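A short worksheet on the structure shown next.
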Amino acid sequence: MMSTTKILIVDDEPHVRRNMQLALETAEYTVVTAGDGEEGESRFREGPRPDLVIVDERMPGIDGLALIRRIRSLDPRVPILLATAYGATGLISDALREGASGFLAKPFTPETLRDIVRQVLAAHSGAGTPPGGSG
Amino acid sequence: LSSLRFRLALTYLYLVGVLGLVGAWGIYHFIVLGRAIDRILINNYRSVIAAENMKEALERQDSAALFHLAGHDAQARPQDAENRQRFLREYAFAAGNITERGEPAIIAAIDREFQAYSREMRAFLQAGSGGSPAEQRRFYFSRLAPRFLALKDRCDALLHLNQQAMLRANDRAIRLADRATWSTVAVAILATVLGLAHALRFSTAIAAPLKAMAETAQRIGQGDLEQQIEVRSRDEIGVLAAEFNRMADRLRKLREREREEFIAIASHELRTPVTSLQMAIHLLDEGAAGPLSSKQQELVRGAREDCDRLQRLTQDLLDLSRLEAGTTQFRRRPEAPADLVEEALQAVGATARAKGLSIVTDVPRDLPAVLADAEQIVRVLTNLVNNAVRHTDVGTITLSGKAEVNRVVFAVADTGTGIPREYLGRIFERFVQVPGARSHGAGLGLAIARQIVEAHGGTIGVESEKWKGSTFRFTLPLAEADGPLPEEG
């Protein structure tokens, strides 16, 4: 039986999206996916709030940073991971300013993905502890 | 005050000043010359005229005496009176214009002798009615004529004296004019030379930095954005140079941003499919999509290994691009060389031991600290040791560190297959691999190592002998001349 922990994945690459979904579903998470920023925002609004959002940095239309800003305006507390292929210092500081909780460095394996998701959720569920980042 | 406009104005002012000086010099000499001519006219010429007139008046008085002898008294008396007055007028002028040495004596003599002559003349004319013509002739020739001649000689002397003075003054004026001509020419030449020198210096002062700027601009145009113009002045050219440097700086930043942007896009485009592939293969391998047969398992394992290799290659390529573009951020801190070597060995020591190779380290703990980004330098060391292990079947891998002036030399030596001579010069280029060498990489490791070492301000090199082994050496600058070692941990 799936756990009640809901994760929203927003990535424009269908294969990456599907593989991440599979990797997280095998770890018993409930996964919702979106193919772009617009869809990501509406998926975030509908139904029960996700416990974690994973956002790809580089997407056509609304990009990762813009989506983080939108989600933050809806929910100041939900942990958000930014998946990026290029960890430039400028990007990292921008992302942290927009409210990213951590980073997911591409490429990653299913094990790494699950480890980071577990860590972020654990850090976030701790009462009063601020969201911890990794990656 | 140091503005170009001010200096330009100053130069013109200088030239105007020099021109004024030359003009003033000329005018001064005109005035001096004019005065000399005036002096001749006033001092001497008028005295000469006076002496001439005095002589003529005397001649007329003498002819009045002769008229008297001839019995024309009616004509003689007024002529005498008129010319006496004329003589006295001229004499008064000459007496009032004594300018030459010897002139007062002559004037005094003329005064004295004219009074005597006048007395004799008066007596001669008054006695004319009484005396016989013979007596009167005798009186004239014995008394009057000698006085007339003597007086005329005095006047001649006065004339001569002033004429001589005039000649002398004229000579002086000619010399003065000559001197004025030559000195004015000299001053004009000097002013011209100085003006030219000044103009040359000033134009060089303007042109030289502009020329340097043009050369730098050309180099920047050819893509060398590291160029900077030396700002040597605070005038408009200095401001231009500073602005130029700022522009080059902005261009440099722009190019860096562009390169960074390019690498970011390349990273995304390369890593996204690698991510997808790696995830799919790993998920298959762990049975997330159902159990695999042993044949399927074998295929997936192979794919997994190659996928990991592809991932490492992508990583190396992007790292090398960032290093070459100069966008890698180094966090350089003082590090103990022994710590760096130890950390590298923790990562790769096991591989060497598994192969039965012995590892010797000779890095004294008291070596001075080097300025290094530990993560990057450990990467260099790891890469060198990995290479050594890969190319060595039997023997020893030696890691050593040695302090030199201002730097520490690290060396990784093996007893392996060595590198053929023709490859030694190219081994640090990307994708260069020695044929026949058992390699697992794409030939980027040493290129990355060189970039990292050079970004630290060090150098890297290799010595090798076929079948005897290779020694890679690189240097790192000391953290400080007498810097303390960083604390452990």
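In the order they appear, the protein sequences are chains A and L. With the first sequence counted from 1, adding 1316 to any position gets you this note's numbering. With the second sequence counted from 1, adding 3 to any position gets you this note's numbering. Yeah, the Cβ is synthetic: ideal placement off N, Cα and C, and Gly gets one too. Since the model is a prediction, treat every value here as computed from it, not as a measurement.
So residue i and residue j are supposed to be a Cβ contact under 8 Å. How far apart are they, rounded?
i: I422/L; j: V408/L; result: I422/L to V408/L, Cβ: 29 Å. No contact.
i: L7/L; j: E239/L; result: 4 Å
i: I1384/A; j: L1368/A; result: About 13 Å; that fails the 8 Å criterion.
i: S1417/A; j: V1433/A; result: With 8 Å as the limit, S1417/A and V1433/A do not qualify as a contact, their Cβ atoms being about 11 Å apart.
i: L1340/A; j: R1430/A; result: 7 Å
i: A160/L; j: I110/L; result: Their Cβ separation, rounded to whole angstroms, is 10 Å, which puts A160/L and I110/L out of contact at 8 Å.
i: I112/L; j: R157/L; result: The sequence given here has Ala at residue 112/L, not Ile. About 5 Å separates the two Cβ atoms, so the contact holds.
i: L1381/A; j: D1352/A; result: Not confirmed; about 14 Å, so no contact.
i: R89/L; j: A60/L; result: 4 Å
On a CA-only basis, which of the options is nearest residue i? Give me that one, please.
i: M169/L; options: R42/L, A245/L, G464/L; result: R42/L
i: P136/L; options: R235/L, H71/L, A111/L; result: H71/L
i: F247/L; options: R260/L, D227/L, M216/L, R274/L; result: M216/L
i: Y1402/A; options: L1390/A, P1395/A, F1419/A, G1415/A; result: F1419/A
i: R336/L; options: A350/L, D376/L, R122/L, L343/L; result: D376/L
i: T395/L; options: G419/L, N386/L, V411/L; result: G419/L
i: E263/L; options: A1404/A, A1382/A, P1364/A, I1370/A; result: A1404/A
i: L22/L; options: L199/L, Q78/L, G359/L, T207/L; result: L199/L
i: A452/L; options: A406/L, K469/L, E327/L; result: E327/L
i: T474/L; options: T399/L, G461/L, L447/L; result: T399/L
i: I430/L; options: A355/L, A112/L, D311/L, N390/L; result: N390/L
i: G105/L; options: A67/L, Q299/L, L162/L, P149/L; result: L162/L
i: R38/L; options: A73/L, Y17/L, A172/L, P212/L; result: A172/L
i: E93/L; options: R49/L, A130/L, Q64/L; result: R49/L
i: N86/L; options: I34/L, M57/L, K471/L; result: M57/L
i: L273/L; options: E289/L, Q314/L, K256/L, A283/L; result: Q314/L
i: I1325/A; options: M1375/A, A1438/A, V1371/A; result: V1371/A
i: R368/L; options: D342/L, L384/L, V392/L, A112/L; result: D342/L
i: N165/L; options: V51/L, C310/L, G461/L; result: V51/L
i: E1373/A; options: A372/L, I268/L, L295/L; result: I268/L
Is DSSP giving residue i helix, strand or coil here?
i: E468/L; result: strand
i: H1440/A; result: helix
i: L22/L; result: helix
i: K358/L; result: coil
i: R410/L; result: strand
i: D1431/A; result: helix
i: P480/L; result: strand
i: T1320/A; result: coil
i: V351/L; result: helix
i: T462/L; result: coil
i: K405/L; result: strand
i: V366/L; result: coil
i: F9/L; result: helix
i: V1371/A; result: strand
i: G492/L; result: At G492/L, the pLDDT of 37 sits below 50, so the modelled position is not reliable and the matter cannot be decided from this model.
i: P337/L; result: strand
i: G290/L; result: coil
i: G1380/A; result: helix
i: A445/L; result: coil
i: A372/L; result: coil
i: L162/L; result: helix
i: P268/L; result: Per the sequence presented here, residue 268/L reads as Ile, with Pro not at that position. I268/L falls in the helix class under three-state DSSP.
i: G224/L; result: helix
i: G398/L; result: coil
i: T420/L; result: coil
i: V388/L; result: helix
i: G1420/A; result: The sequence given here places Leu at residue 1420/A; Gly does not occur at that position. Here L1420/A sits in strand by DSSP.
i: S324/L; result: helix
What alpha helix (DSSP H) runs, 4 residues minimum, are completely inside the stretch 29-114 of chain L? Fully enclosed alpha helix (DSSP H) runs of 4 or longer: 49-72, 76-98.
In chain order, which continuous runs of the beta strand (DSSP E) of length 3 or greater are located wholly inside the stretch 1322-1359 of chain A? Within the stretch 1322-1359 of chain A, the complete beta strand (DSSP E) runs of at least 3 residues fall at 1322-1326, 1346-1350.
Please name the residues in the stretch 1329-1347 of chain A whose beta-carbon is closer than 8 Å to at least one beta-carbon of chain L, in chain order. Residues passing the 8 Å Cβ filter: E1329, H1331, V1332, N1335, M1336, L1338, A1339, T1342.
Going along the chain, which unbroken runs of the beta strand (DSSP E) with 3 or more residues stay wholly within the stretch 1386-1416 of chain A? Complete beta strand (DSSP E) runs here, min 3: 1396-1400.
Using Cβ-Cβ distances below 7 Å, what residues of the stretch 321-332 of chain L are close to chain A? Of all residues in the stretch 321-332 of chain L, those with a C-beta nearer than 7 Å to a C-beta of chain A are Q332, reading in chain order.
The stretch 1404-1423 of chain A: positions lying closer than 7 Å to chain L by Cβ: In summary, the residues of the stretch 1404-1423 of chain A whose CB is separated from some CB of chain L by less than 7 Å are A1404, T1405, K1422, P1423, in the order they occur in the chain.
For the stretch 282-307 of chain L, list every residue whose C-beta sits within 8 Å of some C-beta in chain A, in sequence order. Listed by position along the chain: M282, A283, H285, L286, E289, A291, A292.
Under 7 Å (Cβ pairs) to chain L, residues found in the stretch 1390-1405 of chain A: The residues in question are A1401, Y1402, A1404, T1405.
Using a Cβ-Cβ cut-off of less than 9 Å, list which residues of the stretch 378-397 of chain L approach chain A; keep chain order. For the stretch 378-397 of chain L, the set of positions with a beta-carbon nearer than 9 Å to some beta-carbon of chain A is empty.
Taking Cβ-Cβ distances below 9 Å as the criterion, which residues of the stretch 1361-1373 of chain A are in contact with chain L? Residues passing the 9 Å Cβ filter: D1372, E1373.
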